[in-house]
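Enquirer: Residue numbers (numbering that gives the first Met the number 0): 0 to 87.
Every residue gets a Cβ at the ideal spot worked out from N, C-alpha and C, and that includes glycine.
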Amino acid sequence: MIKVQKVMVKELKVGMYVSGLDRSWLGTPFPLQGFLIDSESVKDTLKDLCEFVYVDFAKSDIAEPAPARPRATPRNSAHPQNARTTVS
């Protein structure tokens, strides 16, 4: 199963397999078929060239990150739409 995700370059880690860029492969030092990030210098080059890349976690040496959980609303929070108004 293909597990490709868009990843911001600031979140890249050594061991991720880059399958696509946010720009053309031409004019970059990277191969056209994708590659494994194997050093910090490769990460730095990606940060200089791209804002985001596409990572194939099925080909990566690291696990896919868990999806972010939505924040829970505190139970004691005041909801103005539920407030009662007393009229005298």
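#1: Would you call the CB atoms of Val-8 and Tyr-53 closer than 8 Å?
#2: Below 8 Å between beta carbons: does that hold for Lys-12 and Ile-61?
#3: Measure the C-alpha to C-alpha separation of Ser-59 and Ile-36 and round it to an integer number of angstroms.
#4: I believe Asp-21 touches Glu-50 by the beta-carbon criterion, under 8 Å. Please report the beta-carbon distance rounded to the nearest angstrom.
#5: On the criterion of 16 or more Cβ atoms from any shown chain inside 10 Å, does Ser-18 qualify as buried, or is it exposed?
#6: Helix, strand or coil: which one does DSSP assign to Leu-45?
#7: Looking only at its own chain, which residues have a Cβ that is under 6 Å from the Cβ of Lys-46, when we skip the five neighbours before and after it?
#8: In three-state DSSP terms, what is Pro-40?
Expert: This is what the structure gives:
#1: In the sequence shown, counting from the first residue as 1, residue 8 sits at position 9. In the sequence shown, counting from the first residue as 1, residue 53 sits at position 54. No. Outside cutoff.
#2: For this step, residue 12 is matched to residue 13 along the sequence shown. For this step, residue 61 is matched to residue 62 along the sequence shown. Taking 8 Å as the Cβ cut-off, Lys-12 and Ile-61 qualify as a contacting pair.
#3: On the sequence shown, position 60 is the one that residue 59 refers to. On the sequence shown, position 37 is the one that residue 36 refers to. Spanning the two alpha carbons is a distance of roughly 9 Å.
#4: Locating residue 21 in the sequence shown gives position 22, counting from the first residue. Locating residue 50 in the sequence shown gives position 51, counting from the first residue. That belief holds up - the Cβ atoms of Asp-21 and Glu-50 are roughly 6 Å apart, short of 8 Å.
#5: Taking the sequence shown and counting its residues from 1, the one referred to as residue 18 is at position 19. With 16 or more Cβ atoms within 10 Å of its Cβ, Ser-18 is classed as buried.
#6: The residue you call residue 45 lines up with position 46 of the sequence shown. Correct three-state label for Leu-45: helix.
#7: Here residue 46 corresponds to residue number 47 of the sequence shown, with the count starting at 1. Val-8, listed in sequence order.
#8: Taking the first residue of the sequence shown as 1, we reach residue 40 at position 41. Note on residue identity: the sequence assigns Ser, not Pro, to residue 40. It is helical.
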